[in-house]
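Here numbering that gives the first Met the number 0 is used: position 19 in the sequence shown is 18, and no number is missing along the way. Positions of the beta carbon are idealized from the N, C-alpha and C atoms, including for glycine.
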Amino acid sequence: MVPISIEQFVSQYTKNNPSTNKKSFTNKLNESVNSKKFGAVCIQCGNPIWAIGSAVADWNGCFTCITGESDSDDDYEIDDVC
Ligand SMILES: [Zn+2]
């Protein structure tokens with residue numbers, strides 16, 4: 000995965016999704032990053048969660064279960080937990 004900082008990702012995401020509340024999305028992202036640091040796992044398959052996807056989808060999931068794809072090389076993950 001491609002590492003990105005929370006700030007960078009939030010500004011990119013809110014640019015593409017202007018209706019998103021920047022502050023609450025940042026909080027949500029911080030929460031899933033912390034969950035991942037403490038070993039949160041995907042509720043479907045038990046793999047480590049994808050912090051960005053879990054924040055966006057609003058449930059703890061890994062990349063594959065959230066996107067249905069196995070190739071995550073071009074996708075972002077927060078640098079702290081990448
Ligand atoms: Zn999964």
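Residue i - containing beta strand (DSSP E), residue span
i: residue 1; result: 1-3
i: residue 42; result: That residue, residue 42, is in no beta strand (DSSP E); it is neither H nor E in DSSP.
Contact belief for residue i with residue j at Cβ below 8 Å, rounded distance in angstroms
i: residue 81; j: residue 60; result: The Cβ separation is near 17 Å, so there is no contact.
i: residue 52; j: residue 62; result: 6 Å
Boundaries of the alpha helix (DSSP H) in which residue i is found, first to last residue
i: residue 68; result: From DSSP, residue 68 is part of no alpha helix (DSSP H); its letter is neither H nor E.
i: residue 51; result: 50-56
i: residue 37; result: No alpha helix (DSSP H) holds residue 37; DSSP gives it neither H nor E.
Reference residue i; option with closest CA among the options
i: residue 45; options: 10, 2, 75, 65; result: 65
Beta bridge counterpart(s) of residue i as assigned by DSSP
i: residue 76; result: 2
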